[in-house]
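Asks:
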């Protein structure tokens, strides 16, 4: 594993999953680098943008990492999963996975937004370069706020060896109680269809920038169906499916949270 290449002037540490957290064989090497201290929100955005620009050179994906109550948990304490192999996500049938998750989420919904799983949403209309768009969002005061919706303070800055943001979900040891392989597979299709870029992870939250979001309510309803299959707990935050669909029309960032 090559060395990490963090920004100059930021002190940090390498994190290896704590062996006592899980029963399976613990990782023997660090899974990520993380700053020692929380960063100012706008400072974090600038550093994240600079690291994203260099990803193709370094092979390291930058992450804005949220912690519980400013404590550094779960990152500093190593309360992480073992990293998963990329092949585990490549084996996922994304359409079948989303259909199953949708059916489970809405089997008792009255009324259901669709009579049955409507299938994958059409791709967004291609627009700006996704990496450049993510940089612009991260370096604007309103944009960086959208990237950190689940935090009431600044984030830690992290680096993980990954070929893209989707793989960073597997490689970082993200401890959320989710099906990591399924989410990674879906994220990769969103990278291709909507120009998303993973920007932040909390203990159980995930945000992505979106270069090619839906521009009409009809399209947004289809995308919203995928979102609810991807993250069924959206129903707790948005009780009205139509309201949620309206909220993602032209949205520069998508936010997800698992209870």
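Residue numbers (full-length UniProt numbering): 1 to 259.
All C-beta atoms, glycine included, are put in the ideal place defined by N, C-alpha and C.
1) Indicate the three-state DSSP secondary structure (helix, strand or coil) for residue 158 in the structure shown.
2) With a 10 Å radius around its C-beta and 16 neighbouring C-beta atoms as the bar for buried, classify residue 132 as buried or exposed.
3) By the DSSP assignment, the beta strand (DSSP E) with residue 87 in it spans what residues?
4) Leaving aside the five residues before and after residue 127 along the sequence, list all residues of the same chain whose C-beta is less than 7 Å from its C-beta, in chain order.
5) How do the region 229-238 and the region 150-161 stand: do at least 3 beta-carbon pairs fall below 8 Å, yes or no?
6) Note down the Cα distance separating residue 160 from residue 33, rounded to an integer number of angstroms.
7) CB residue 61 to CB residue 165, shorter than 7 Å?
8) Take every Cβ of the region 172-181, pair it with every Cβ of the region 193-210, and state whether three or more of those distances are shorter than 8 Å.
9) Between the region 107-120 and the region 10-18, can you find at least three pairs of beta-carbon atoms closer than 8 Å?
10) So the beta strand (DSSP E) residue 19 belongs to, where does it begin and stop?
11) Once DSSP output is grouped into helix, strand and coil, what is the label at residue 1?
12) Give the DSSP-derived three-state secondary structure of residue 249 in the structure shown.
13) For residue 121, which residues from the same chain have a beta carbon less than 6 Å from its beta carbon, with the 5 sequence-adjacent residues on both sides left out?
14) Where do the N-terminal and C-terminal ends of the alpha helix (DSSP H) with residue 186 fall, by residue?
15) How many Å lie between residue 1 and residue 52 at the Cα?
16) Quick one: what does DSSP say residue 216 is sitting in, helix, strand or coil?
17) In this structure, does DSSP put residue 221 in helix, strand or coil?
18) How many Å lie between residue 246 and residue 256 at the Cα?
19) Under 7 Å Cβ to Cβ from residue 79, same chain only, skipping five residues before and after it: list those, please.
20) Under 7 Å, do residue 253 and residue 186 count as touching if we go by C-beta distance?
21) Does DSSP classify residue 256 as helix, strand or coil?
22) Along the chain, which unbroken stretches of the beta strand (DSSP E) at least 3 residues long are found entirely within the region 37-106?
23) Can you give the beta carbon distance from residue 148 to residue 64, rounded, assuming they're within the 8 Å contact cut?
24) Once the 5 residues before and after residue 232 are set aside, which same chain residues still bring their CB inside 8 Å of it?
25) Let me know the secondary structure DSSP gives residue 170 once reduced to three states.
26) Note down the Cα distance separating residue 88 from residue 181, rounded to an integer number of angstroms.
27) Is residue 119 helix, strand or coil by DSSP?
Replies: Looking at the atomic coordinates:
1) Of the three classes helix, strand and coil, the one that applies to residue 158 here is strand, per DSSP.
2) Burial state of residue 132 is exposed, judged by a 10 Å Cβ sphere holding fewer than 16 other Cβ atoms.
3) It is not in any beta strand (DSSP E) - residue 87 instead sits in the alpha helix (DSSP H) that spans 87-90.
4) So the list reads 211, 212, once near-sequence residues are dropped.
5) Touching, no.
6) Answer to the nearest angstrom: the Cα atoms are 7 Å apart.
7) Result yes, Cβ atoms of residue 61 and residue 165 sit closer than 7 Å.
8) They touch, by the three-pair rule.
9) No contact exists between the region 10-18 and the region 107-120.
10) Looking at the DSSP string, residue 19 is not in any beta strand (DSSP E), and its letter there is neither H nor E.
11) With a pLDDT of 49 at residue 1, under the threshold of 50, the modelled position of that residue is not reliable, and no figure is offered here.
12) Reduced to three states, the DSSP call for residue 249 is coil.
13) Closer than 6 Å at the Cβ level, and outside the excluded window around residue 121, lie 222, 223, 226.
14) Judged by DSSP secondary structure, residue 186 falls within the alpha helix (DSSP H) whose first and last residues are 180-194.
15) Reliability fails at residue 1, whose pLDDT of 49 lies under 50, so the model's placement of it is uncertain and the value that follows must be treated cautiously. If I take the Cα positions, the gap works out to 19 Å.
16) Residue 216 falls in the coil class under three-state DSSP.
17) Three-state result, residue 221: helix.
18) About 16 Å.
19) Same-chain partners within the cutoff: 18, 21, 73, 175.
20) Contact: no.
21) When DSSP states are grouped into helix, strand and coil, residue 256 belongs to the strand group.
22) Contiguous beta strand (DSSP E) elements confined to the region 37-106 occur at 60-65, taking only those with 3 or more residues.
23) Between the beta-carbon of residue 148 and that of residue 64 there is about 6 Å, and that keeps the pair under the 8 Å contact cut.
24) Listed in chain order, the non-local C-beta contacts of residue 232 below 8 Å within the same chain comprise 101, 104, 105, local neighbours out to five positions each way being set aside.
25) Helix at residue 170.
26) Cα to Cα, the separation comes out at about 6 Å.
27) In the three-state scheme derived from DSSP, where H, G and I count as helix and E and B as strand, residue 119 is classed as coil.
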